[in-house]
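Scroll down for the structure; my scribbles are underneath it.
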Amino acid sequence: MSKRILITGATSGIGLETARMLLSRGHEVLLHGRSASKLASAKQSLNIQLTGTELKTYAADLSRLSEVESLAAAVSEQHGVIDILINNAGVFTVSSPVTEDGLDVRFMVNTIAPWLLTQRLLPTLNRNGRVINLSSAAQAPVDLGALAGTPRLDDSQAYAQSKLALTMWSRHLALELGNDGPAIIAVNPGSFLGSKMVKEAYGADGKDLAIGARILTRAALGEEFANATGMYFDNDSERFAPPIWMALMPANARKSSRRLNQYCRQLLTTRRPVSLNKVRSSRTVAHMRAAPIPF
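Residue numbers for the sequence shown follow the working numbering, so the first one is 3 and each next one is one higher.
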């Protein structure tokens with residue numbers, strides 16, 4: 003049965019290759035990109051091989067809270083149900099590390115934007131569907147103050163922390179939803195794949211992008227991921243594995259995960275960086291209803 007699948011960051015790299023793979027299997031793919039021109043090029047590239055398939059495209063700058071909101075609204079308005087959301091978009095090297103909302107751009111694009119998009123699309127997402135979050139083998143303990151640019155982090159640290167933060171909220175939301183929503187799964191697609199991001203960051207060509215596209219396709223459609231909500235799949239080792247935050251500091255990680263989730267929620271109210279002193283760390287949270295999910 004054909005699925006309707008939204009992929010962010012689908013104009014190049016792993017996102018584009020994943021779109022190509024899913025389209026070749028007969029699924030309806032909605033493409034997101036940062037600009038209309040990049041989306042037009044991606045659409046032309048895909049249509050060369052997949053003639054007769056209508057592709058819906060959505061332009062949004064995920065470093066801006068308002069544009070993430072607009073993207074979610076447009077998708078929800080035009081489609082009754084989204085079966086699968088693949089939060090693929092991400093950044094590593096940036097010219098300016100602070101967004102117009104005063105946030106660290108790496109955290110905004112890699113952590114907060116996918117959180118916000120997922121939250122806004124929850125009413126539209128199929129309860130039996132999946133949200134696939136693109137994590138990374140590069141993970142580092144999260145300093146919540148860095149979300150607001152204090153302290154200012156270099157590209158490597160910001161990227162690693164933002165990817166761990168993404169993995170943290172993936173598990174938190176999975177626990178919060180329980181059986182009342184789509185599966186939330188974090189996936190490391192593989193290290194040093196040949197994307198533009200890897201080339202800019204490391205000056206290396208990287209490995210075949212198809213490695214990442216294949217695992218994202220499996221995560222989106224495969225039976226092996228049917229009961230994987232709240233879990234982290236490491237494609238380097240080709241298995242479900244504990245991310246660094248669970249392996250090294252499980253007790254502190256649960257508290258940090260709750261604070262991260264609360265930070266994101268308060269950010270949407272204030273529309274500007276939130277003082278950590280104002281972030282409540284309530285123990286009365288919805289995910290306590292759900293059974294623990296082992297890694």
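For every residue, glycine included, the Cβ atom is placed at its ideal position computed from N, Cα and C.
Test item: CB-CB of residue i and residue j under 8 Å
i           : j           : result
residue 133 : residue 167 : no
residue 222 : residue 86  : yes
residue 34  : residue 4   : no
residue 189 : residue 118 : no
residue 165 : residue 185 : no
residue 12  : residue 37  : no
residue 18  : residue 7   : no
Of the listed residues the options, nearest to residue i (C-alpha basis)
i           : options              : result
residue 241 : 210, 192 and 259     : 192
residue 26  : 237, 235 and 219     : 219
residue 58  : 110, 92 and 48       : 48
residue 74  : 122, 43, 82 and 81   : 122
residue 170 : 38, 232 and 77       : 232
residue 111 : 90, 17, 268 and 272  : 90
residue 115 : 178, 243, 136 and 97 : 136
With 16 other Cβ atoms within 10 Å as the buried cut-off, status of residue i
i           : result
residue 214 : buried
residue 46  : exposed
residue 125 : exposed
As assigned by DSSP and simplified to three states, the class of residue i
i           : result
residue 105 : coil
residue 182 : coil
residue 210 : coil
residue 242 : strand
residue 87  : strand
residue 92  : coil
residue 249 : At residue 249, the pLDDT of 49 sits below 50, so the modelled position is not reliable; the number obtained from the coordinates is stated separately. Residue 249: helix per DSSP, three-state reduction.
residue 155 : coil
residue 8   : strand
residue 189 : strand
residue 144 : coil
Residues of its chain near residue i, where Cβ-Cβ distance is below 6 Å and the 5 sequence neighbours each way are ignored
i           : result
residue 67  : 103
residue 230 : 187
residue 237 : 190, 191, 192 and 217
Cβ of residue i within 8 Å of any chain C Cβ
i           : result
residue 233 : In the structure shown, chain C cannot be found, because there is only a single protein chain.
Distance cut-off 7 Å: residue i Cβ against heavy atoms of the ligand NAP
i          : result
residue 79 : The ligand NAP is not among the ligands present in this structure, which contains no ligands whatsoever.
Residues near residue i in its chain [Cβ-Cβ closer than 8 Å; skip 5 each side]
i           : result
residue 160 : 99, 106, 108, 109 and 148
Contacts around residue i, its chain only, beta-carbon distance under 7 Å, and the 5 residues preceding and following it disregarded
i           : result
residue 249 : At residue 249 the pLDDT is 49, less than 50, meaning the model places this residue with poor confidence; the figure from the coordinates comes in the next sentence. Here the set comprises nothing.
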